[in-house]
Amino acid sequence: MGPQPAAAYVLHAFARTAVSQVSRDQPTPGFTQNRGARHYPDFLKPKDQIVLLSDIAAVVRAAPSFQPTMPRTGKPFSVAMTNCGPLGWVSDTKGYRYQAQHPRTGQPWPALPKRLMDIWRAVAGSASEPEACLINFYSATAKMGSHQDRDEADFSAPVVSISLGDTAKFHVGGPKRTDPKTRYELCSGDVFVLGGEARLAFHGIDRIHAGTSALALEEIELGCRRINLTLRRVTAG
DNA sequence: GAGTAACA
DNA sequence: TACC
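Following this note's numbering from start to finish, the first sequence increments by one per residue and tops out at 264.
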């Protein structure tokens with residue numbers, strides 16, 4: 028069996044009325060940009076975060092979290108995931124790909140919640156509508172190794188990432204794995220956009236700062252401390 | 001190499 | 001950095 032499904036976590040988190048904001052080194056108006064990588068701190072207010080969690084709860088009810096594995100080796104990822112939208116990103120021993128059905132239930136992915144479409148429209152400029160939202164569930168010890176998002180047919184649209192729960196140490200490099208990295212702390216409610224020059228930048232999650240958000244503190248026993256939503260355009264359009 | 005383990 |  029894989030890790031605990033994240034559904035219970037999401038449902039309980041929604042029931043809470045408070046999402047604490049972590050103190051920051053610097054209050055940042057608007058966003059900061061570095062070669063197409065844009066960081067929007069506090070893009071979602073606490074109330075927006077809670078309402079978005081209700082959307083995620085509905086998604087997970089229809090599409091339970093699953094444990095992806097590495098191509099070839101079959102080694103499991105430390106994160107659990109699910110998807111919503113017409114297409115979902117999956118990984119197993121056969122490789123990385125987008126597909127229209129949940130790998131375990133065989134059902135189509137749930138629709139993209141309107142609130143996610145609204146976030147996309149607010150930060151993705153003139154790009155076509157997103158087709159996939161990958162939802163990653165991070166435990167206190169989960170990480171995401173440095174990688175590129177390159178399984179899409181269309182790189183003209185940006186990748187839009189939304190953070191909920193505990194703060195994560197995030198890095199963004201360049202199109203080569205060895206390019207120098209910039210590090211960010213991604214807090215609950217932050218939005219991060221990889222577009223333009225940064226669309227194919229290597230990026231990853233180095234660590235989770237467990238206990239930095241009341242959202243995640245409620246569900247220590249289930250192990251999920253952070254949720255990341257990644258919106259993507261997959262097909263040319 | 002969207003993984004881990006071992007290393008200095 | 002090595003692994004398979």
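We treat Cβ as the ideally placed atom computed from N, Cα and C, and that holds for glycine.
Computed from a prediction, not measured in an experiment: that's the story for all the values here.
Straight-line gap, residue i to residue j (C-alpha atoms, nearest Å)
i, j, result
"T205", "M97", "22 Å"
"I235", "P113", "30 Å"
"G63", "W147", "16 Å"
"G8", "F182", "Lying outside 28 to 264, the shown extent of the chain, residue 8 is not represented and no answer is given."
"I189", "N61", "18 Å"
"S81", "L258", "17 Å"
"P54", "I77", "Low local confidence applies: a pLDDT of 39 at P54 is under 50, so the model's placement there is unreliable, with the coordinate-based value given in what follows. Each residue's Cα considered, the two are about 22 Å apart."
"R252", "S166", "5 Å"
"G216", "F70", "6 Å"
"A40", "K72", "With a pLDDT of 49 at A40, under the threshold of 50, the modelled position of that residue is not reliable, and the figure given next carries that caveat. So the two alpha carbons sit approximately 16 Å from each other."
"K208", "F219", "15 Å"
"L191", "F104", "20 Å"
"G200", "H66", "14 Å"
Among the options, nearest to residue i - alpha-carbon criterion
i, options, result
"K203", "A225, T239, Q76 and M108", "A225"
"C160", "D233, Q126 and G122", "Q126"
Burial state of residue i, where buried means 16 or more other Cβ atoms lie within 10 Å
i, result
"P68", "buried"
"T262", "exposed"
"T120", "exposed"
"S153", "exposed"
Given 8 Å as the limit, is there contact between the stretch 226–240 and the stretch 162–178, that is, 3 or more CB pairs closer than that? yes
Are there three or more Cβ pairs, one per stretch, closer than 8 Å when the stretch 194–201 is compared with the stretch 116–136? no
Length-filtered (4 minimum) alpha helix (DSSP H) runs lying within the stretch 215–259: 241–244
In the stretch 95–155, which residue ranges form an unbroken alpha helix (DSSP H) of at least 4 residues, counting only runs that do not cross its ends? 141–150
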